[in-house]
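Engineer:
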Amino acid sequence: MEIIETVKGAKVFISEKRRSNKTIGFVPTLGFLHKGHQALMEKARQENDIVAVSIFVNPLQFKRKQFEEYPRDLERDKKIIDDMGVDMIFSPSVNEMYPSVDSIGELFKLQLIEPDLVCDDMFVVESNDENELDDFIIAPRDLTNKLDGKYFPWHFDAVATIVHRLFKTIEPDRAYFGEKDFQQLLILREMAKELWLDIEIKGVPTVRDSAGLALSSRNSLLTTDQRHAATIVYTALKKGEEMIKNGEKESETIISKISDVINSEPIVEIDFAGIVCANTLERVRTINGNVILYASYFINGIRLTDNIIVRLN
Ligand code: AMP
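Sequential numbering from 1 applies to the sequence shown in our numbering.
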């Protein structure tokens, strides 16, 4: 397995593989890997000749404190990735991914600027110069300003920007993302389509622990008791799914039940519980098609999310 830290090095590695007609599967991550990330790698391994995994904690998508506190363990990650039969790890520096920005501090300042080019329903590529790797992406506001983007509207622009830069570097045939972050998956799928990136965006089902808690690097910030309490959210969402499968169509009735179940666990504080359309993320009143049952919640100030996709069609 190769470990590459520069864009140039990654491009050389990939172009060599391309010359021998190999297909490339790509799994972008923030590192501190768990079995959820492994499921993405496994799928990529099954479907491609070459698998590349990136590890990059993207400062642009966090507030400074969150960025600094994000759990990291590169040595452990390298071992996990190697065991998955991956061919290449791309772990660039901040400077490598943001060559036109002088310091991390500047990236945090960029987040405060609401770009002029905001557009409600399309992706905008804001270029600093001729170098494609310096593009900033502004994602459609009707997809970004809700659910996981509620507190930080720039979050998904930052995610789209870094993923776009990683795509330009790796130029994969397929890229793998978790359904756990379905809003991110949907936005990146739209980006690939609208910007004609010719990359197939694949969703992978959420991996959970034995009690049902969706695996997340952020779970490491919880105590054992808090992790145990968090499992009530999956129990509540499963209850909602069961109601839909038994014919209930009124979202309000289902959300009320989901909220009651979550509220039975005193240390879990609901941020938002809702039912949204799986294609548009708009709230659904009467359920007729594919929907996502979504809950975001706080435990001791730490914000977590979970969802279940209910496919009726
Ligand atoms: P992260 O490192 O948190 O950015 O996650 C990298 C990728 O792994 C993203 O596409 C996530 O959606 C995906 N992922 C994170 N947790 C899980 C999980 N429990 N099951 C499946 N995929 C996951």
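Glycine residues also receive a C-beta, built at the ideal position from the N, C-alpha and C atoms.
#1: Checking 8 angstroms against the spacing of the C-beta atoms, do Leu222 and His34 come in under that value?
#2: Alpha carbon to alpha carbon, how far is Gly9 from Leu188?
#3: Would you mind reading off the limits of the alpha helix (DSSP H) that contains Thr231?
#4: Report yes if the CB atom of Phe90 is closer than 8 angstroms to the CB atom of Ile4, and no otherwise.
#5: Just the C-alpha distance for Val207 and Val12, rounded to the nearest angstrom, thanks.
#6: Apart from the five residues on each side of it in sequence, which residues of its chain come closer than 7 angstroms, Cβ to Cβ, to Asp209?
#7: Between the C-alpha atoms of Asp135 and Leu195, what's the straight-line distance to the nearest angstrom?
#8: Considering only heavy atoms of the ligand AMP and the C-beta of each residue, which residues fall inside 6 angstroms, strictly closer?
#9: Under 8 angstroms, do Ala52 and Met88 count as touching if we go by C-beta distance?
#10: To the nearest whole angstrom, what separates the beta carbons of Val276 and Tyr294, a pair I think is in contact under 8 angstroms?
#11: So, with DSSP's three-state summary, where would you put Ser259?
#12: Assuming Pro92 and Thr6 are in contact, meaning their beta carbons sit under 8 angstroms apart, how far apart are those beta carbons, in whole angstroms?
#13: Report yes if the CB atom of Leu40 is closer than 8 angstroms to the CB atom of Val57, and no otherwise.
#14: When we look at the beta-carbon of Phe177 and count the other beta-carbons within 10 Å, is it buried (16 or more) or exposed?
#15: Val125 lies in the alpha helix (DSSP H); which residues open and close that run?
#16: How should Arg285 be labelled, buried or exposed, when 16 other C-beta atoms within 10 angstroms of its C-beta is the threshold for buried?
#17: Using a Cβ-Cβ cutoff of less than 6 angstroms, which residues in the same chain neighbour Thr169 once the five nearest sequence positions on both sides are dropped?
#18: Tell me the rounded alpha-carbon separation between Cys119 and Gly149.
#19: When you compare only the Cα positions, how much space is there between Lys43 and Thr280?
#20: Output the distance between the C-alpha atoms of Gly25 and Lys202, rounded to the nearest integer angstrom.
#21: Quick check on the DSSP output: what are the complete alpha helix (DSSP H) runs of length 4 or more inside the segment 24 to 110, in order along the chain?
#22: Under the rule that 16 or more other beta-carbon atoms within 10 Å means buried, what is Leu312, buried or exposed?
#23: Using the Cα positions of Ala175 and Glu96, report the straight-line distance between them to the nearest angstrom.
#24: DSSP on Ile287, reduced to helix/strand/coil?
#25: With DSSP run on the structure shown, which of helix, strand or coil describes Phe156?
#26: Can you list, in chain order, the residues of its chain with a C-beta nearer than 7 angstroms to that of Val163? Leave out the 5 residues immediately preceding and following it.
#27: Out of Lys245, Ala211, Thr224, Asp82, which one is the CA nearest neighbour of Thr231?
Structural biologist: With the structure as the only source:
#1: With contacts defined as CB atoms closer than 8 angstroms, Leu222 and His34 fail to qualify as a contacting pair.
#2: Rounded to the nearest whole angstrom, the CA to CA distance from Gly9 to Leu188 is 25 angstroms.
#3: For Thr231, the uninterrupted alpha helix (DSSP H) run begins and ends at 224 to 245, by DSSP.
#4: Less than 8 angstroms divides the Cβ of Phe90 from the Cβ of Ile4.
#5: Cα-Cα distance, rounded: 34 angstroms.
#6: Within the same chain, Asp209 has close Cβ partners Leu215.
#7: The straight-line gap from Cα to Cα measures roughly 12 angstroms.
#8: The answer, residue by residue, is Thr29, Leu30, Gly36, His37, Ala39, Leu40, Phe177, Gly178, Lys180, Asp181, Val204, Thr206, Val207, Ala214, Leu215, Ser216, Ser217.
#9: Taking 8 angstroms as the cut-off, the beta carbon of Ala52 is found closer than this to the beta carbon of Met88.
#10: Right, their Cβ atoms sit about 6 angstroms apart.
#11: If DSSP states are grouped into helix, strand and coil, Ser259 belongs with the helices.
#12: 7 angstroms between Cβ atoms; contact.
#13: Pairing Leu40 with Val57 gives a Cβ-Cβ distance that is not under 8 angstroms.
#14: Burial call: buried.
#15: Element bounds for Val125: not the alpha helix (DSSP H) but the beta strand (DSSP E), 124 to 126.
#16: Arg285 comes out exposed.
#17: For Thr169, where only same-chain residues beyond five positions count, the Cβ hits under 6 angstroms are Val7, Ala10.
#18: Rounded to the nearest whole angstrom, the C-alpha separation of Cys119 and Gly149 is 16 angstroms.
#19: Just so you know, the alpha carbons of Lys43 and Thr280 end up roughly 26 angstroms apart.
#20: Counting only the Cα atoms, Lys202 lies some 10 angstroms from Gly25.
#21: If we require 4 residues or more, the alpha helix (DSSP H) runs fully inside the segment 24 to 110 come out as 35 to 47, 64 to 69, 74 to 83, 94 to 97, 104 to 110.
#22: Label assigned to Leu312: exposed.
#23: One Cα belongs to Ala175, the other to Glu96, and the distance between them is close to 21 angstroms.
#24: Note: Ile287 maps to coil in three-state DSSP.
#25: The answer is helix: DSSP assigns Phe156 an H, G or I state.
#26: The beta carbon of Val163 is closer than 7 angstroms to those of Pro28, Leu188 in its chain, skipping five residues each way along the sequence.
#27: Comparing Cα-Cα distances from Thr231 to each of Lys245, Ala211, Thr224, Asp82, the minimum goes to Ala211.
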